[in-house]
Structures are given as C-alpha cells and as structure tokens.
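Residue numbers (the working numbering): -9 to 587.
All residues carry an ideal CB built from backbone N, CA and C; glycine is no exception.
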C-alpha cells in the first residue's frame, strides 16, 4: 500500500536520511527493516492498535494532521481500510504458512489498439502454493512512451492520437511484468503490399513481419554510392577511395555487394576500427593503472580482432586473466576493477547487457535484481590476489602480479551480514571447489550456448553500430521493462551467432547483406514516425576517430599523434592522453569517466 502511494521513493521517506524522522527502504527492498520502522521505531508511535483509524500513519497519509508529502489516499479508501485492518489484527509481519509471492502476470500481455482507445489492465499475483490473487489496484504502473499511451493508478489505459509502440510496466512487491501496446497507422496496408518486398536473408523477413503489424512500408533501396559509403564507414571507419567508388559503380556483377563486404572484413583497418570501439568500453585510465598496462591491453584487443578471435574466447580470456601487468595485457582490467563490486557492475553491463548497479543498494525498481543478486555476482571476483605497487602507478611504476588464490569464494551481504556464495544472475548457485577459479566458472556459465544474456548482448551492440539503434535500447539495459523492439529478430541473430562459433565477421556480414541494411534514410509517408523498427536507415553521427580519418582522407592532411608514427590514423590511438582537440571536441571518450556503454 505504501509503495503504491509513493512513500518509499527516493524523493520521500526513502531518502538516505529519511523524511521527518521516518525512513523506509527504497522501493521496499528491505521489508523487515520497514516493518521495524513502522511498528517499533519511536516507541511504536506510528500505530495505535486501540483505535487503528487514529494511528499517526493514517492521520499523516490522509492529511488529518499536517503532512509535507500531502494526501496519499482518501480516509475511506481501500488503502486506508487495509492499513487500519492490519493494525487492528496486531500488525503481523506475516501469517503462519503464508505462501511466497513467485511472480505477477499482466493481461493483456500484448495488444494492438486504435488511436484514442481506452483499455484496462489486469494484474494477477501468483503464489508458491498455486493460488492467485487479483492485485490490479495495488500495482504501480508506468508507460515508457506517454506520447503513445498513458495509464492511471488503477490500470486504466488510454492511447493517444499518435501511432507507435509503448510498454506498460506493472510493478508489485518487487516483481515486474509488462504489457506491450501497439498503435498502428490509421489504415493498415493490405498483405500484397509486403508480398513483393526484396528479401535477402532472414533479417528482412523478421523486420517486415513487424512493419506489417504496424502499417509501415520500408523505404526504398539506397543508391550504390550510399551503400559503398555506409558499409565502408561502418565496417572499417574509413571513406571509400575515389578509385573504389568508380570501380564499384562500374561493376555490373550482381554479387558485387557480397564481394565488397567480404573484402571490407579482410581489411587491416577492420581490426583497428573495432578495437577502438571495445577499447573505449573496457580500457582503464592510464593515470590510474599505468601507461604500459593500458598499452598492452590495447595491443591485446587489436590482436584479438586481427585474428577474428571468437567472442566467447575473447571474453573468457579477459575474465580469467592473471599474470604480470607489464607482460599480460588483459590483466590491466583487474588492476583497475580491484573491488569485486566494481567487477560485478563492469561484467554485468558490458558483457551481459544488464545494469545491476541499482541493486548495490536496493531492489532494482523495474527489474527482478536485488542486493543478493548483485553481491552473489560480485562473489565470483573475491579470490584474486595481488602483489606489487597497486593502482595510481606512475609511468615508471613497478608492475603488479595478479593470480587466483585457492579458497572458498564469498562476500558479505551489506544488510544481513550473511556470507553469500557465487551465483550467476537469475540462475541457481553453482558449486565451486576451492581449487577452482570462480571467474572461470562464471565464464563457463556466460559462454554456454543457452545463456540468455551473453550472445544477445554482443549481437545487440553490433546491430546498433550498423543500424543506428539497438534492438534493445540502450544497448546495455536488458530488462523485462525494456523489451526488444523485435524479439524474434534478436533471438534469430543470437542463435545464428552462436551456431557460427561466435564469429564477429559472420555476424557483421549477415547484417550488411540484408535488404534492411541497404534501405535509404529517406522516409516514406508510412514510416516517417518510425524510430525503432528499422523501416529505414537511421542517420547517426560518426565516431570521433572515424570523422577525423575521413577529414584527413578528403583534405589530404593527417594529424600527427605523439608517440605514434607519422600519418597514423586516429583509430590507431590507444588512449585519450594522446592529445587531440578534434577528437575530444567530437566525442572521444575519456577513460577518467564512466564507460560510454
């Protein structure tokens, strides 16, 4: 009831210091602590069992006495009556034999509405003993796109005059479910409008199926010149040369697109272009860990892409790295992510596409993650030992040696103080022998072909680089309340990626040879409002390194970077301290700040 009323938000009684002497856990992540605060704190002044309706808790929330937060519900409302009855029954924390809440379901789970149409949601709670309960009136609701549809506190929904898609997020007692809302154009197009569209691979079929449901037609095919420029910039971060452009235009072979894509993927610039992207995500600050460790990490990343190292192997080598920071490149990561807490956030966000940092302090407001999930992931990183100078090393600093130390991995829960064993997110605890490196066990779990996070996370990042928007967007925010815009497409791409041995070049080739990739950026009358279903090419800014290299190619001038050979490309720089006002002005990430996930 109090969650529904907004009492445990960060702007109210869930502030770090509470509000007016009354403190609740944010989003009710600590129900036992909240119970003690309500019933026992301040000598129990907030509840009055003799006259429940006169309890301070109810007087404040119904503004019978002054309340800075205003009225949270009416005196005769169901919420007020529920609280009064609970107090009358003696304020039990729980009843004997009470079943556990296992999840919630919202209906309709997915529905297509007309513009300006009303609808109603129903939320059902499911319990461990098989029973269910209608909790529609106790659930919090949020619309992800209020320009498409709005929802009130009772689950009554109303679409607007705009077409598009939104998600209604339902949240009850730490559980989340969604209802997908689609509002197509006023007039859906007949099936024959889609029957003759060009299909080059499975991507096109899956995108067209979604477009047909929404009443969008894809834009026309881009010109050969546009395809040449787009594919070259996306794949190797370079402009095509004049000779390449003339040769491509003169080539009448229908297979020239496949031939061009294959040639791009074999270019040496491919490794540098993609190494910069991943360096920006995982590269530590050289002022913090030392110049040489960062340089060696960068060289390891570049060599991995030159070899087209399978993605599962790349991540495994990074996760399990140990050795000398002046000899073993990947070890630089663990010199930087020394705290298991930082390591958990890093691995979850970069390699699983999951933002867990909220759960460091409280239950994630729109996901299933809680503090236990977060700290059990962190427990995988507790058995690393170090010897040497440590962080904040100067350029001439001594190296640091890192190794796995046998023992029992575990970490203390910050609230319960219980020792938590390693457990992957949303999965069962894994038995780990004291002689096993927990990081290797985590790598096994992550790279399992059936892992629901690992392949989709990288596939989504690569897709976003080529298409301008992730199927899940932002790309590092996979959660139930932020579903993919095209789930079947993400599933197929992920399965195909795993089937082909986590081959990055295969994934990129598949994307670039689709008709969807070759669409023009010019909208038609049906897809002008589409921003996430890939009915056209979405315009996007060039990365700073790509832009500088393009300017150099057009003008015939090159920027000289300190410590690099003359005429080096911007994509060959390996840390933000290689000075360039141009790169900084146009968005080169600074390793001193958070990663550009």
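Cβ-Cβ distance between residue i and residue j below 8 Å
i: residue 287; j: residue 313; result: no
i: residue 51; j: residue 63; result: yes
i: residue 259; j: residue 227; result: yes
i: residue 476; j: residue 276; result: no
i: residue 446; j: residue 504; result: no
i: residue 432; j: residue 340; result: no
i: residue 405; j: residue 31; result: no
i: residue 284; j: residue 233; result: no
i: residue 466; j: residue 345; result: yes
i: residue 403; j: residue 443; result: no
i: residue 196; j: residue 474; result: no
i: residue 373; j: residue 394; result: yes
i: residue 368; j: residue 401; result: yes
i: residue 390; j: residue 375; result: no
i: residue 324; j: residue 311; result: yes
i: residue -9; j: residue 69; result: yes
i: residue 152; j: residue 175; result: no
i: residue 231; j: residue 280; result: no
i: residue 46; j: residue 36; result: yes
i: residue 177; j: residue 154; result: no
Alpha carbon of residue i to alpha carbon of residue j, nearest angstrom
i: residue 574; j: residue 554; result: 18 Å
i: residue 104; j: residue 333; result: 46 Å
i: residue 210; j: residue 509; result: 6 Å
i: residue 289; j: residue 408; result: 42 Å
i: residue 161; j: residue 471; result: 10 Å
i: residue 74; j: residue 14; result: 19 Å
i: residue 469; j: residue 146; result: 24 Å
i: residue 422; j: residue 543; result: 54 Å
i: residue 507; j: residue 296; result: 25 Å
i: residue 65; j: residue 2; result: 21 Å
i: residue 528; j: residue 511; result: 6 Å
i: residue 17; j: residue 28; result: 15 Å
i: residue 299; j: residue 243; result: 32 Å
i: residue 594; j: residue 248; result: Any question about residue 594 goes unanswered here, given that the chain covers just -9 to 587.
i: residue 412; j: residue 308; result: 19 Å
i: residue 338; j: residue 79; result: 44 Å
i: residue 482; j: residue 460; result: 15 Å
i: residue 217; j: residue 134; result: 34 Å
Status (buried if at least 16 other CB within 10 Å, exposed otherwise) for residue i
i: residue 72; result: exposed
i: residue 425; result: exposed
i: residue 415; result: buried
i: residue 10; result: exposed
i: residue 562; result: buried
i: residue 198; result: buried
i: residue 55; result: exposed
i: residue 398; result: exposed
i: residue 436; result: buried
Where residue i sits in the DSSP three-state scheme
i: residue 58; result: coil
i: residue 91; result: strand
i: residue 385; result: With a pLDDT of 49 at residue 385, under the threshold of 50, the modelled position of that residue is not reliable, and the figure given next carries that caveat. DSSP places residue 385 in coil when its eight states are reduced to three.
i: residue 175; result: coil
i: residue 450; result: helix
i: residue 435; result: helix
i: residue 564; result: coil
i: residue 133; result: strand
i: residue 268; result: helix
i: residue 165; result: strand
i: residue 263; result: helix
i: residue 443; result: coil
i: residue 328; result: coil
i: residue 301; result: helix
i: residue 117; result: strand
i: residue 487; result: helix
i: residue 588; result: This structure does not reach residue 588, given that the chain is present from -9 up to 587, and the question cannot be answered.
i: residue 150; result: coil
i: residue 49; result: helix
i: residue 378; result: strand
i: residue 600; result: The structure shown does not extend to residue 600, since the chain spans only -9 to 587, so no value can be given for it.
i: residue 64; result: coil
i: residue 409; result: strand
Minimum Cβ-Cβ distance from residue i to chain B less than 8 Å
i: residue 465; result: No chain B appears in the structure shown, which is made up of a single protein chain.
- Message: Closer than 8 Å is the cut-off here; do at least three beta carbon pairs connect the segment 161 to 180 with the segment 104 to 118?
- Response: yes
*How about the segment 536 to 543 and the segment 223 to 241: do they share at least three Cβ pairs that are nearer than 8 Å?*
yes
Touch test, the segment 517 to 531 against the segment 491 to 503, Cβ-Cβ under 8 Å, three pairs minimum
no
| request: Determine, using beta-carbon pairs with one atom in the segment 334 to 343 and one in the segment 251 to 267, whether at least three such pairs fall under 8 Å. | output: no
With contact counted as at least three CB pairs below 8 Å, one residue from each stretch, are the segment 448 to 467 and the segment 143 to 157 in contact? no
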